[in-house]
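J.:
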Amino acid sequence: MEIKITDLEKIVKPEMPLFEIFLRGVILYFLILLILRFLPRRTTGELGAMDLVFILLLTEAASHAMGDFTSLGDGVIMLLVFILCNYGVNQLTYHVKFFQNIFEHPPVQIIKNGKILHRNMRKELLTQDELMANLRENGIEKLTDVKNAFVESEGNISFVKWEKEAHDNPSIKRN
1 MEIKITDLEK IVKPEMPLFE IFLRGVILYF LILLILRFLP RRTTGELGAM DLVFILLLTE
61 AASHAMGDFT SLGDGVIMLL VFILCNYGVN QLTYHVKFFQ NIFEHPPVQI IKNGKILHRN
121 MRKELLTQDE LMANLRENGI EKLTDVKNAF VESEGNISFV KWEKEAHDNP SIKRN
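The sequence shown begins at 1 in UniProt numbering and counts up by one.
Written as structure tokens, this is what we have:
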């Protein structure tokens, strides 16, 4: 089978105008990112929302570029648009607090001073059984050992244990 130069041009040359590809990519990126922003954190798992959007869109663009209905050029341009959007959003959320508040979940406290905050657990769709499983995964045997706990922006749970007295724990340095 012989491949001609004209065949390669059909494969590589974008079928859509560049601005349309760019606009579609930007709209799709931010639409999915905003949808994920309002889902409970556990839905996205350990990945941050921006990471999940980026991975989903990269695979989608790559699959379209490999298919017969879109040129390789369209797919490559769309990949570059997604990479540019992801880089831009990461830069904005790092440098500008306003954008960090828009695109990243703040931590939600689910245990405060040893008491479970049931309202916050309901907001995060987190059951007590799941909380207990997370305790065990973190090597914590009893809920009473935990002073504070937070559902972090990526969906994982962090625990702060009650502090023991300095004389009970030689690893605590005294000033």
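Ideal placement from N, C-alpha and C gives every residue a C-beta, glycine not left out.
Here the structure is a predicted model, which means the values were calculated and not measured.
Rounded to whole angstroms, what's the CA-CA distance from Leu57 to Phe159? Just pull it up for me.
T.: Here the question's residue 57 lines up with position 57 in the sequence shown. Here the question's residue 159 lines up with position 159 in the sequence shown. Those two C-alpha atoms are separated by around 33 angstroms.
J.: Using CA coordinates, which residue listed in Arg37, Phe82, Gly73 is at the minimum distance from Thr59?
T.: Stepping through the sequence shown from its first residue, residue 59 is reached at position 59. Cα-wise, what sits closest to Thr59 is Phe82.
J.: For Ile110, collect the residues of the same chain with a Cβ closer than 8 angstroms to its Cβ; drop the 5 residues on either side in sequence, then sort them by chain order.
T.: Walking along the sequence shown from the start, residue 110 turns up at place 110. So the qualifying residues of the chain are Ile116, Leu117, Asn120, Met121, Glu124, Leu126, Leu131, Ala149, Phe150, Val151, Ile157.
J.: For Asn113, which three-state DSSP category applies?
T.: Along the sequence shown, one-based indexing puts residue 113 at 113. Reduced to three states, the DSSP call for Asn113 is coil.
J.: Put Ile102 into one of helix, strand or coil per three-state DSSP.
T.: Along the sequence shown, one-based indexing puts residue 102 at 102. In the structure shown, Ile102 sits in a helix (DSSP, three-state: H, G or I).
J.: By DSSP, does Ile140 sit in helix, in strand, or in coil?
T.: In the sequence shown, residue 140 corresponds to position 140, counting from 1. Of the three classes helix, strand and coil, the one that applies to Ile140 here is coil, per DSSP.
J.: For Ile32 and Ile77, which I take to be in contact (beta-carbon distance under 8 angstroms), what is that distance rounded to the nearest angstrom?
T.: Taking the first residue of the sequence shown as position 1, residue 32 is located at position 32. Taking the first residue of the sequence shown as position 1, residue 77 is located at position 77. With 8 angstroms as the limit, Ile32 and Ile77 do not qualify as a contact, their Cβ atoms being about 18 angstroms apart.
J.: Starting from Val96 and walking both ways along the beta strand (DSSP E), at which residues does that stretch end?
T.: Residue numbering aside, residue 96 sits at position 96 when the sequence shown is read from its first letter. Where Val96 is concerned, there is no enclosing beta strand (DSSP E), given that its DSSP letter is neither H nor E.
J.: Across which residues does DSSP place Ala149 in a beta bridge pair?
T.: Along the sequence shown, read from residue 1 onward, the residue named residue 149 stands at position 149. Bridge partners of Ala149: Ile111, Phe159.
J.: Quick one: residues in its chain with C-beta nearer than 7 angstroms to the C-beta of Tyr29, no 5 flanking neighbours on either side, listed in chain order?
T.: Along the sequence shown, one-based indexing puts residue 29 at 29. For Tyr29, same chain residues with a beta-carbon under 7 angstroms away, outside a window of 5 residues either side, are Val53, Leu57, Phe82, Cys85 in chain order.
J.: How many whole angstroms separate the CB atoms of Asn113 and Lys161, which I take to be in contact at a CB cut-off of 8 angstroms?
T.: The residue you call residue 113 lines up with position 113 of the sequence shown. The residue you call residue 161 lines up with position 161 of the sequence shown. Going by Cβ atoms, the distance from Asn113 to Lys161 rounds to 12 angstroms, so no, they are not a contact pair.
J.: Answer yes or no: do Ser71 and Pro14 have a C-beta to C-beta separation smaller than 8 angstroms?
T.: Within the sequence shown, numbered from 1, the residue matching residue 71 stands at position 71. Within the sequence shown, numbered from 1, the residue matching residue 14 stands at position 14. Yes; because the gap between Cβ atoms is below 8 angstroms, this pair is in contact.
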